[in-house]
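Data first, discussion second: the structure below is written as structure tokens.
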Amino acid sequence: MSGEQTYVIVGASLAGAKAAETLRTEGFDGRLMLIGAEEERPYERPPLSKDYLRGEAGRDKVYVHDAGFYSEHDIELRLERRVVGLDLSAGEVALDDGERLRYDRLLLTTGAEPRRLAVPGAELDGVLYLRSVEDSDALRQRLDRGGAVIVVGAGWIGAEVAASARQRGLDVTVLDPLTVPLERVLGGEVGAIYRDIHADHGTKLLMGTGVEAFEGETAVERVRTSDGHELDCDFVVVGVGVEPRTELAAKAGLTLDDGIAVDERLRTSAPAVFAAGDVANAYHPFYGERIRVEHWANALNQGPAAARSMLGGGEAYERLPYFFSDQYDVGMEYSGFARSWDRVVLRGDPGKREFIAFYLVRDRVVAGMNVNVWDVTNPIQSLIRDRVPVDDRRLADPDIPLAELVGAATRPRLPDAPS
Ligand SMILES: Cc1cc2nc3c(=O)[nH]c(=O)nc-3n(C[C@H](O)[C@H](O)[C@H](O)COP(=O)(O)OP(=O)(O)OC[C@H]3O[C@@H](n4cnc5c(N)ncnc54)[C@H](O)[C@@H]3O)c2cc1C
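Just so we're aligned: the sequence shown equals residues 128 to 546 in the working numbering.
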């Protein structure tokens, strides 16, 4: 029966490629098309600011599948093709070369793109952004030449690029309007630990200030900051967040809400149309609200979940958000989702950069970040998911195994988190 059907995936991304793989492993034997605007077959982006950027890992490390995978599984991979229109009533997508493709089910995995800085001089040569493998190649060529780089934005991309550039020996300055790096997600206390990590590696941090203008003849030569500094540089990397790519969905009239709004089975407001990955703002049963997650693990897992949903089965997507980051010799993993918290409890030694930071609301952990401490994701996620009431002193005590605290789940649970 499914052999007569056509499923189309727009966005040859991690989420899209994993969805295509899952459709085949779950037995879909109809026509399957994976359409991507980029030249490369689906790849993973995390190495692009880390070892791939530093030239320590080759391109073969980044691909989601071997080159032969798509033809072996009868997946029609169309690269360097952009979908420019979506006709919901006809059940068709229009490609940039004029071709129209009929679909029975459609998955949108169009991802996100860097937010652009709209300041004078933003168009100057040498003002770089990082999203694609081509961006990473261009940035690596700059790193090869050395010199001084100014990184605008001390979020994840900015912090990782700054670390990679320092590791390559460049003179690095980071600027950001907030007071410490990564403050929006990690808060002031833990962000200050990251500030010290960067400072210890010789990165200059200019916090509490933004960009007024980029200046130079044809290429950027200096950055003028909002607090009056003039900083000379050889190039600039801007990492000020991403925006979900919703143009297609918007034109077609799908419901949007900071991304494409989908339910817990990743269904959009239109029948037969699904969305997953960075672009999807998905209802999350555990949180009781929609959340949009811009992380690798979400793309990795939501793609397959969307595929199962397209096939009419599957389960609600309710994995806890998880991400990782590597900066210098400091690796971390973060589980959970916290817009706000009452306090942070630290276990371990932040001075040695080996610790876990727990984010609490009342006496319950809502998120946890392990830094250079490994194999603790499961107990951290259990603390969050089981809503285990915790005692700060026991949480902070590294001699009490986390598994023992999780065991406390046999005690009465707290009611669900307030929104
Ligand atoms: C440099 C970098 C480092 C990162 N590091 C980490 C990390 O350490 N940890 C972590 O958890 N996350 C990290 N991330 C985030 C992670 O890579 C993203 O969450 C993930 O790539 C999202 O995947 P996606 O499949 O949703 O979409 P994307 O990766 O954004 O891919 C979407 C694809 O769809 C294509 N597309 C869009 N519109 C169309 C159209 N109309 N027609 C055809 N094709 C289209 C795009 O060209 C793109 O190829 C990093 C991201 C970057 C950029």
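Don't be surprised by glycine CBs; every beta carbon is placed ideally from N, CA and C.
Here Pro-506 is buried, its C-beta having at least 16 other C-beta atoms within 10 Å. Phe-485 and Tyr-134 have their C-alpha atoms spaced approximately 42 Å apart. The DSSP-derived three-state label of Leu-222 is strand. Shown here, Asn-499 sits in coil according to DSSP, grouped into three states, outside any helix or strand. With a threshold of 7 Å, the Cβ atom of Phe-464 does not count as near ligand 1, since no heavy atom of the ligand is closer than that. Counting the other CB atoms within 10 Å of its CB gives Lys-378 a total below 16, which places it among the exposed residues. Excluding its 5 nearest sequence neighbours in each direction, Ala-290 has C-beta neighbours in its own chain below 6 Å: Gln-454 and Tyr-455, listed in chain order. Here the alpha carbon of Ala-146 sits roughly 28 Å from the alpha carbon of Ile-511. Not one heavy atom of ligand 1 sits closer than 7 Å to the Cβ of Val-278. Inclusion of Ala-424 in the 7 Å shell around ligand 1 follows from its C-beta lying nearer than that to a non-hydrogen atom of the ligand. Look at Gln-454 here: in three-state DSSP terms it is strand.
Assignment of Arg-392 by DSSP, reduced to helix, strand and coil, places it in the coil class. According to the DSSP secondary-structure assignment, Thr-133 is paired through a beta bridge with Arg-158. In the DSSP annotation of this structure, the continuous segment of the beta strand (DSSP E) that includes Tyr-486 starts and ends at 481-488.
In the DSSP assignment, Asp-298 is bridged to Ala-275. When beta bridges are read from the DSSP output, Ser-462 appears opposite Tyr-449 and Gly-495.
DSSP places Pro-528 in no beta strand (DSSP E); its state is neither H nor E.
The residues Phe-401 and Ser-436, in chain order, have a CB closer than 7 Å to that of Arg-394 in the same chain once the five nearest residues on each side in sequence are set aside.
Cβ-Cβ separation between Tyr-197 and Tyr-170: approximately 13 Å, too far for a contact (criterion under 8 Å). The beta-bridge partner set that DSSP reports for His-411 consists of Glu-416. By the CB criterion at 8 Å, Asp-361 and Ala-275 fall inside the cutoff. Bridge partners of Phe-341 according to DSSP: Val-350. Glu-348 has its alpha-carbon roughly 8 Å from the corresponding atom of Leu-358. For Lys-145, there is no enclosing beta strand (DSSP E); the enclosing alpha helix (DSSP H) covers residues 141-152.
Distance from Gly-218 to Arg-229 at the Cβ level is roughly 6 Å; contact confirmed, criterion being Cβ atoms closer than 8 Å.
A distance below 6 Å between beta-carbons, with the five flanking residues on each side excluded, links Gly-343 to the following residues of its chain, in chain order: Leu-251. Every beta strand (DSSP E) stretch that sits fully inside the segment 186-250 and reaches 3 residues is listed by chain position as 202-205, 210-214, 219-222, 227-229, 232-235 and 239-241. Annotated three-state conformation of Leu-180 is coil, per DSSP.
The beta carbon of Trp-468 is closer than 8 Å to those of Gly-314, Tyr-486, Leu-487, Val-488, Val-493 and Ala-494 in its chain, skipping five residues each way along the sequence. With a cutoff of 7 Å, Thr-236 counts as near ligand 1, since its C-beta is closer than that to a heavy atom of the ligand. Judged by pairs of C-beta atoms under 8 Å, the segment 400-420 does not touch the segment 309-326, as fewer than three such pairs exist. Residue burial is scored here from C-beta neighbours: Arg-474 has at least 16 other C-beta atoms within 10 angstroms and is therefore classed as buried.
Going by C-alpha positions, Ala-326 is about 7 Å away from Leu-332. With a threshold of 7 Å, the Cβ atom of Ala-142 counts as near ligand 1, since some heavy atom of the ligand is closer than that. The distance from the Cβ of Asp-476 to that of Val-517 is about 20 Å, inconsistent with a contact at the 8 Å cut-off. In this model, Thr-300 and Ala-142 are separated by some 34 Å (Cα to Cα).
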